[in-house]
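The sequence shown begins at 2 in the numbering used here and counts up one residue at a time. Built from N, CA and C at the ideal position, the CB exists for glycine as well. A quick write-up on the structure given underneath.
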Amino acid sequence: MNTDYEWVGSLFRTRNDMLDAIAETWVTARGHASPAETQRYFDEATDAELSAEAIAGWGLDCVAEWCGEDEPHMTRYSYGATDLAAAFGRVRARLGETAPAA
Numbered sequence: 002m003n004t005d006y007e008w009v010g011s012l013f014r015t016r017n018d019m020l021d022a023i024a025e026t027w028v029t030a031r032g033h034a035s036p037a038e039t040q041r042y043f044d045e046a047t048d049a050e051l052s053a054e055a056i057a058g059w060g061l062d063c064v065a066e067w068c069g070e071d072e073p074h075m076t077r078y079s080y081g082a083t084d085l086a087a088a089f090g091r092v093r094a095r096l097g098e099t100a101p102a103a
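Shown next, in the form of structure tokens:
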């Protein structure tokens with residue numbers, strides 16, 4: 002079992018901290034999106050949709066052979082799409098946004 006969780010070179014103490022970082026990085030375009038652009042991401046998609054987009058966009062469910070990994074990030078750190086969707090919900094709440102109707 003992992004005691005450290007890693008995402009793009011940063012270590013996190015808990016899986017939720019790592020998942021929240023993944024979610025925030027996605028909706029803020031790695032910090033490049035304006036608050037209005039981030040709001041638009043939240044307005045246009047549910048947490049589950051954002052989770053699916055991030056998984057597909059970053060290949061979190063695929064083996065990243067180019068960096069020497071032998072299993073998908075999601076497998077290595079034991080999380081699924083619903084766990085990442087919950088992280089999007091936490092980030093949405095922290096940033097003061099409301100979820101669109103499903």
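Pairwise C-alpha distance: W59 and R95: 23 Å
Spatially closest choice to G81 from A57, R93 and P36, by CA coordinates: Just measuring C-alpha positions, the residue of A57, R93 and P36 sitting nearest G81 is A57.
Alpha carbon of C63 to alpha carbon of P36, nearest angstrom: Here the alpha carbon of C63 sits roughly 30 Å from the alpha carbon of P36.
Bridge partner(s) assigned by DSSP for S104: Missing from the structure shown is residue 104; the chain here goes from 2 to 103 and no further.
8 Å Cβ cutoff met for A24 and V92: yes
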